[in-house]
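Contents: one structure, followed by commentary.
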Amino acid sequence: MGAVETQEVRAVAKWVRMSPRKARLVAEHIRGRSVPEARTVLAFTQRAAAREVEKVLRSAVANAEANHGLIGDNLVVAAAYVDEGPVMKRWRARARGRVARIKKPTCHITVKLVPGTETPLPAPPPPAALPTEEKTEPTSEPKAAEAKPKTQASTRSKSQTSTGEKRAPRKKKTEETES
241 MGAVETQEVR AVAKWVRMSP RKARLVAEHI RGRSVPEART VLAFTQRAAA REVEKVLRSA
301 VANAEANHGL IGDNLVVAAA YVDEGPVMKR WRARARGRVA RIKKPTCHIT VKLVPGTETP
361 LPAPPPPAAL PTEEKTEPTS EPKAAEAKPK TQASTRSKSQ TSTGEKRAPR KKKTEETES
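Going by the numbering used here, the sequence shown opens with residue 241, and the numbers climb by one from there.
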């Protein structure tokens with residue numbers, strides 16, 4: 241028996257002017273997701289690397305549709321990884337004739353897609369209705385819980401100090417007593 245090979249489509253963006261570490265944070269978000277879900281995640285990710293990863297994802301979907309006849313929405317991101325590219329080294333003049341090195345990193349972004357499940361999972365059946373024998377009437381406990389809460393005056397009169405003495409209820413201020 242021959243082994244069944246799954247079609248794998250990939251797209252690579254090379255020499256992207258971005259730190260590989262920053263791009264890896266975004267690539268982790270889409271790994272293992274379906275293409276529509278990955279597009280949504282990237283659309284709402286505020287990192288600059290999300291735009292670059294989204295471009296590579298769009299390219300991979302276009303490759304799958306044009307070269308392999310696959311449907312883009314049925315694909316799943318099998319792998320999304322970021323490799324380091326060459327580092328451009330620049331110099332900046334500093335005080336007293338010295339220089340400071342500036343590193344401008346680049347990265348290579350790769351996205352691999354494979355065909356996913358073409359049919360969505362069936363919806364679970366609705367829960368069965370309870371037989372009439374098992375239906376019970378609500379008890380009076382919920383009605384008791386809905387009763388009016390106790391007024392604050394009654395709770396204050398029953399409150400105790402830390403030594404256990406009972407406090408007298410506070411007197412309400414009125415306009416007459418203030419003048």
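Note that CB positions come from ideal geometry on N, CA and C, so glycine has one too.
By DSSP, does residue i sit in helix, in strand, or in coil?
i      : result
Glu245 : coil
Ala288 : coil
Leu310 : coil
Ala368 : coil
Ala267 : helix
Ser299 : helix
Arg250 : strand
Lys406 : strand
To the nearest angstrom, report how far apart residue i and residue j are at their CA atoms.
i      : j      : result
Val281 : Arg261 : 19 Å
Arg257 : Ala368 : 58 Å
Ala304 : Lys254 : 19 Å
Arg250 : Tyr321 : 11 Å
Val351 : Trp331 : 34 Å
Ala283 : Lys412 : 58 Å
Arg334 : Ala263 : 31 Å
Ala290 : Ile311 : 23 Å
Glu248 : Ser259 : 27 Å
Lys295 : Arg341 : 31 Å
Would you list the residues sitting across from residue i in a DSSP beta bridge?
i      : result
Asp323 : His348
Arg332 : Ala340
Return yes when the Cβ of residue j is within less than 7 Å of the Cβ of residue i, no when it is not.
i      : j      : result
Pro276 : Asp313 : yes
Ala306 : Val354 : no
Gly337 : Ser274 : no
Write down the C-beta distance between residue i and residue j rounded to the nearest angstrom, noting that I regard them as a contact closer than 8 Å.
i      : j      : result
Leu315 : Val301 : 7 Å
Leu265 : Arg279 : In fact, because the Cβ distance is near 18 Å, the residues do not count as touching under 8 Å.
Ile349 : Glu268 : Between Glu268 and Ile349 the Cβ distance is about 12 Å, and since that is not below 8 Å, they are no contact.
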